[in-house]
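Undergrad:
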Amino acid sequence: MPDFDFLKDDRLVDALVAEVADMLQALIAEQRPGRIDLLGLPLSVTCLAALEQRLGHGEVAATLKVSGETLVRETRFAGVWWTSHYDEAGRLAAMLIEVTAVPEILLSSRADMEQAHAVLVAGTRFSLARKRA
123 MPDFDFLKDD RLVDALVAEV ADMLQALIAE QRPGRIDLLG LPLSVTCLAA
173 LEQRLGHGEV AATLKVSGET LVRETRFAGV WWTSHYDEAG RLAAMLIEVT
223 AVPEILLSSR ADMEQAHAVL VAGTRFSLAR KRA
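For what it's worth, my numbering labels the leading residue of the sequence shown as 123, then goes sequentially.
1. Helix, strand or coil, according to DSSP, for P214 in the structure here?
2. Mind pulling the alpha helix (DSSP H) runs of 4 or more residues that sit fully within the stretch 147 to 181?
3. Using 8 Å for Cβ pairs, my map puts I158 next to L229. What's the rounded Cβ distance?
4. When you compare the stretch 236 to 247 with the stretch 163 to 176, are there three or more beta-carbon pairs, one atom per stretch, that lie closer than 8 Å?
5. Measure from the alpha carbon of A66 to the alpha carbon of each residue in P155, D132, V188 and R133, then state which is nearest.
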């Protein structure tokens with residue numbers, strides 16, 4: 123009996139791409155971001171590879187190293203991001219399609235910015251005091 127699983131994968135990829143398109147429209151029209159948890163769906167390795175190929179690779183990529191590694195990369199579609207989180211042992215913990223201007227994980231938190239400001243101000247005061255001496 124022939125194996126027609128590839129047809130099922132193609133339909134799933136088509137459905138996911140259509141969902142991404144709907145989320146991108148919501149982001150454009152209503153500034154409402156969206157997210158698809160790929161590990162929460164019954165997707166085959168072949169289906170994931172086909173989805174990744176269909177979305178392609180864009181110009182922006184970032185690697186974060188906090189409690190494991192997180193890879194964030196823009197697809198060839200502006201506002202559509204592929205994010206993979208790995209735990210400290212290197213196991214894939216989450217894989218997401220995020221539809222947003224910038225994934226939240228890349229945004230600086232207010233607390234981090236306040237701490238950075240304090241360090242910059244303290245360093246500037248130290249530099250100015252040394253120059254006067």
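Heads up, the beta-carbon is just placed ideally off N, CA and C, and yes, glycines get one too.
TA: Well, looking at it:
1. Within the sequence shown, residue 214 is the residue found at index 92, counting from 1. A small fix is needed here, since residue 214 is Leu in this sequence, not Pro. Strand at L214.
2. The qualifying runs are 167 to 177.
3. Stepping through the sequence shown from its first residue, residue 158 is reached at position 36. Stepping through the sequence shown from its first residue, residue 229 is reached at position 107. Your pair I158 and L229 does not check out as a contact, with CB atoms roughly 20 Å apart and the cut at 8 Å.
4. Output reads no: the stretch 163 to 176 does not touch the stretch 236 to 247.
5. Missing from the structure shown is residue 66; the chain here goes from 123 to 255 and no further.
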